[in-house]
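One structure below.
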Amino acid sequence: MDRKRFTSGYVFTIGGNTISWKSCLQSVVALSSTKAEFIALTEAVKEAIWVKGLLEDLGFQQDKAQVWSDS
2 MDRKRFTSGY VFTIGGNTIS WKSCLQSVVA LSSTKAEFIA LTEAVKEAIW
52 VKGLLEDLGF QQDKAQVWSD S
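For what it's worth, my numbering labels the leading residue of the sequence shown as 2, then goes sequentially.
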């Protein structure tokens, strides 16, 4: 069993409705929980950039995306 990988996830909502979510084991081994948080935030920001681009392609101009962490 691999106990050195952390589980991370994110949820994106618009108007209170979930449009994207993910929960999985991280693909790399983090040496601390702080590093695991940074890895999770990096994945969430990459998804936020993708969602922002998708919304712009659909005609919804977005100035920013807010990303919150639980730590």
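The C-beta atom is built at its ideal place from N, Cα and C for all residues, glycine as well.
If you're wondering where the values come from, they're calculated on a predicted model, not measured in any experiment.
In chain order, what residues of the same chain have a beta carbon less than 7 Å from the beta carbon of Ser21, not counting five sequence neighbours either side?
Here residue 21 refers to the residue found at position 20 when the sequence shown is read from its first residue. The residues are Phe13, Glu48, Val52.
Locate the beta strand (DSSP E) running through Lys65, then write down its first and last residues.
Working through the sequence shown from its first residue, we reach residue 65 at position 64. Here Lys65 belongs to no beta strand (DSSP E), and DSSP marks it neither H nor E.
According to DSSP, simplified to helix, strand and coil, what is Ser9?
Position 8 of the sequence shown, counted from the first residue, corresponds to residue 9. In the structure shown, Ser9 sits in a strand (DSSP, three-state: E or B).
Using the Cα positions of Phe39 and Gln63, report the straight-line distance between them to the nearest angstrom.
On the sequence shown, residue 39 is found 38 positions in, with the first residue counted as 1. On the sequence shown, residue 63 is found 62 positions in, with the first residue counted as 1. Taking the straight line joining both Cα atoms gives about 24 Å.
Could you pull the DSSP bridge partners for Ser24 from this structure?
Here residue 24 is taken as the residue at index 23 of the sequence shown, counted from 1. In DSSP, Ser24 forms a bridge with Gly10.
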